[in-house]
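Have a look at the structure below before the remarks.
There are 2 protein chains.
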Amino acid sequence: MGPIRIAVVGMGKIAHDQHLPAIAGNPAFTLAATVSRSDSGVDGVPHFHTLQALVDSDVAIDAVALCTPPQARYDLAALALDKGLHVFLEKPPGATLAEVDALVAHAAKAGTTLFASWHSRYAAGVASARAWLADRQITGVKVIWREDVRVWHPGQAWIWEPGGLGVFDPGINALSIITHILPDPFFLAEATLEVPENRAAPIAADLHFRDSRGTAIHMDLDWRQTGPQSWDIVVETADGTLRLANGGAVLTLPGETLRHDDHEYPGLYARFADLVAQGQSDVDTRPLTLVADAFLRGKRLVTDAFFD
Amino acid sequence: MGPIRIAVVGMGKIAHDQHLPAIAGNPAFTLAATVSRSDSGVDGVPHFHTLQALVDSDVAIDAVALCTPPQARYDLAALALDKGLHVFLEKPPGATLAEVDALVAHAAKAGTTLFASWHSRYAAGVASARAWLADRQITGVKVIWREDVRVWHPGQAWIWEPGGLGVFDPGINALSIITHILPDPFFLAEATLEVPENRAAPIAADLHFRDSRGTAIHMDLDWRQTGPQSWDIVVETADGTLRLANGGAVLTLPGETLRHDDHEYPGLYARFADLVAQGQSDVDTRPLTLVADAFLRGKRLVTDAFFD
C-alpha cells in the first residue's frame, strides 16, 4: 500500500504552522491537495476552493484533515465520509456534541477512520505523567491556563461567535490532558464564565470540578494575560507533586525534571496512520463534554467589552 | 424474590403526583421509606431527612427513586450506588453530562441498575409513532412546546439557577420523544436562547436542528404561554403527516386518531422492575446532550425580567 493521499482543508494558521510540516515529515502520508476559500495553497499541489470541487475533480485522495473553524466542520466531514475518505478532525471535533456522535455513526457505517485529534495529549510530558499517576492517590489538581488572546488568536472573529469556544478554545487543550492523565472520571461542580458585553463567548472562566472520589480539581482560564503566559497543570499526590508546564511539554516529578522535544502534530499523524492501517476510529468527546457542561451549568457574568 | 423495597428521595410535587401512585400500583415494588428535608412523608412509611440517615438506619431498601432537583442528584446517586442500591433517576439525569457518565461507570462497577428515566417516552402515542416512522421518509419536523411556567413550576427557584434548565426543563421532554421516534441522528445547527435579565436560565428558545440526511427539525420552546398550552410534535413524511399532541398522549396518523390512557409513570416503573430483574442499566443521555449543545452553541438574548 502506498502512502495515504491526504488533503488539508482550511488553510489557516494551524494548517500552515503544524499540519503541513507534520505531513511532510511522515512518509505514511503524501499531501495530495489543499482546500481553502482563499488561494493560500502549496506550490506544486492541486488547490481547490471547496471540498466539493476537490471530490468532483480527478485528483485522487484517501483522507482529509479538517482544519476549518468548528462551526463548519460537520458538513465537510459528512461529505468526506460519504466519499469513503478517512477523516482527521482538528480540535474541537465539532461545534456540538450531537454532531460528533452523528459522525461516529456515519464513519462506522462508511467503514472509514474518524479521528478526533487532541494535540495536547501528544505534548512531550503527557504520556509519562499519565503513567506516573495511574496508581497514585491524588489529593488535588490545579490547572492554570492564562494566555494573551491578542497574541494567539489575532482577529479570529469566529472564536467569539456562538459555537466558537472563546477561552475554552485553549482551555479544551488542558481538559484534553487532564481527562487523559487523571485515573478517575470527574465532572463540573460549579463554574463562573466571564463574557465580554460585546461578545458571545467567554474571555475567562473559573471552574471547580470534582472526581468520583471527591477530589477537587480547580481550573483557572483567562485570555487577558499579558507578559509571561501560563499553561500549567499541578497534581498533588500522596507521593509528592507532579507538574506539567508549557502546555504539557515539561514534566516535573518529585526529584526529576523531564524535557523532550515537541512532537504534538507528528504524534497525531503517526496515530492517524495507525488508525487507518488498523481500520479503526478514535473519537473521545470527553473534553468537549466538559466544555458543554460548563456552558450548561456555569454562571455567566458580563464583563468589559473586548476589542482586538 | 419479594417486591423491590424502594425509597423515594425528594418529596416534591412530582413525587406526590406521579411516583407514589405508580409505586403503589405496581406489585413489583413496595414503598419502604421516604426522604425529604421537610416532613412531607407518607403515613405508616418510615421517613428520613437525608439519604445518609436512611442508609445508616435499620430500614432495609433495595432501590431509590431520586426526585430532587438535578443540581443535588449526583451525590445522592453515588451514595446509593456505593451501598449497592438500584437507582431510578428522574429527568434530567443530572446537572451535567460528565456526572451522568461517571454514574454509569459507577453503576457498572457496583453491579446495580441505573435507570435514567424519560417519562414522556411512555406517553400513550409515542411507541406507535416510533413504529410508524421507523421506515418512512421524513421531510420536516416541527416541535411546539409552549406552556405557562407560573402554572407548572410555581415558585421553583432552582429551575432558574445555573444547572436548572429553564424552559428546557419541559423542552427536554420533547427532545426525549423526538430522539426516540426519529430514525436518524440529529444535531443543532442554530439556536437562540432568551434569558430574563434577572435569571440565569432561558425562558424561551428557538432551535434549528438538522438530521444526518439534512432534514430540518424546528423547535419552538416558550414558557410565557397563557391560555391553551401546546405540547405538539408534527412530522411530515412522504406518506402524510404524523401529529403527536398533548405531550405525546394523542397520536394522529393519516386517516386515524389514536387515544390511550396516560401510563407514563406506570410505564417507567414497569421498565425499572424489568431492568432490575435483568441486572441491566438504561441511561440514554441524548436529550441532555442536545440541551447542553443548545447552551454551548446557542446565541443568548437578554429579555424582560421574570417574576413569579
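So the sequence lines, in the order shown, correspond to chains A and B.
According to the numbering used here, the stretch in the first sequence is residues 1 to 308, in order.
According to the numbering used here, the stretch in the second sequence is residues 1 to 308, in order.
Each residue gets a CB set at the ideal place from its N, CA and C atoms; glycine is no exception.
Local conformation of residue i per DSSP, three classes
| i | result |
| --- | --- |
| A/T289 | helix |
| A/V100 | helix |
| A/L79 | helix |
| A/P162 | strand |
| A/L85 | coil |
| A/E256 | strand |
| A/F186 | strand |
| B/F272 | helix |
| A/R213 | coil |
| A/E264 | helix |
| A/H208 | strand |
| A/D169 | helix |
| A/R297 | helix |
| A/A174 | helix |
| A/S230 | strand |
| A/G10 | coil |
| A/W152 | helix |
| A/I203 | coil |
| A/T303 | strand |
| A/P196 | strand |
| A/L222 | Per the sequence presented here, residue 222 of chain A reads as Asp, with Leu not at that position. Strand. |
| B/D308 | coil |
| B/G279 | coil |
| B/I238 | Before going on, a small fix: residue 238 of chain B reads as Ala here, not Ile. Of the three classes helix, strand and coil, the one that applies to B/A238 here is coil, per DSSP. |
| B/A22 | helix |
| B/A72 | helix |
| B/A157 | helix |
| A/A15 | helix |
Test: residue i CB closer than 7 Å to a CB of chain A
| i | result |
| --- | --- |
| B/K299 | yes |
| B/T50 | no |
| B/D82 | no |
| B/L79 | no |
| B/G163 | yes |
| B/F295 | yes |
Test: residue i CB closer than 7 Å to a CB of chain B
| i | result |
| --- | --- |
| A/A102 | yes |
| A/L188 | yes |
| A/D304 | no |
| A/E256 | no |
| A/S120 | no |
| A/T289 | yes |
| A/P185 | yes |
| A/A292 | yes |
Distance, residue j Cα to residue i Cα
| i | j | result |
| --- | --- | --- |
| B/A129 | A/D169 | 41 Å |
| A/R150 | A/F306 | 10 Å |
| B/L182 | B/L253 | 15 Å |
| B/Q280 | B/L76 | 20 Å |
| B/Q71 | B/T241 | 39 Å |
| B/I61 | B/R5 | 5 Å |
| A/W223 | B/L268 | 47 Å |
| B/V45 | B/A32 | 6 Å |
| B/D43 | B/G12 | 16 Å |
| B/P309 | B/G163 | Outside the shown range of chain B (1 to 308) lies residue 309 of chain B, about which nothing can therefore be said. |
| A/T139 | A/M219 | 15 Å |
| A/K109 | B/D274 | 31 Å |
| A/Q225 | A/G41 | 33 Å |
| A/D308 | A/P3 | 42 Å |
| B/D239 | A/E90 | 41 Å |
| B/E190 | B/I159 | 24 Å |
| B/T257 | B/T113 | 37 Å |
| A/L207 | A/L301 | 13 Å |
| A/L175 | A/A63 | 27 Å |
Any non-hydrogen atom of the ligand ATP closer than 6 Å to residue i Cβ
| i | result |
| --- | --- |
| B/L275 | Judged by which ligands are present, the structure shown has none, so any question about the ligand ATP falls away. |
Any chain E beta carbon closer than 7 Å to residue i
| i | result |
| --- | --- |
| B/D56 | The structure shown contains no chain E; the protein chains it does contain are A and B. |
> Listed in chain order, which residues of the stretch 272-286 of chain B have Cβ atoms closer than 8 Å to some Cβ of chain A?
Replying inline: R286
>> So if I threshold CB-CB distances at 7 Å, which residues from the stretch 163-181 of chain B count as touching chain A?
In response: G163
> Using Cβ-Cβ distances below 7 Å, what residues of the stretch 89-100 of chain B are close to chain A?
Replying inline: A95, T96, L97, A98 and E99
> If you measure beta-carbon to beta-carbon, which residues of the stretch 191-214 of chain A are closer than 7 Å to chain B?
Replying inline: A200 and S212
>> Counting only Cβ-Cβ distances shorter than 9 Å, please list the residues of the stretch 105-116 of chain A near chain B, keeping chain order.
In response: A105 and H106
>> Runs of 3 residues minimum, wholly inside the stretch 24-64 of chain A: which ones carry the beta strand (DSSP E) assignment?
In response: 29-35
> Which full runs of the alpha helix (DSSP H) of 4+ residues lie inside the stretch 99-140 of chain A, going along the chain?
Replying inline: 126-133
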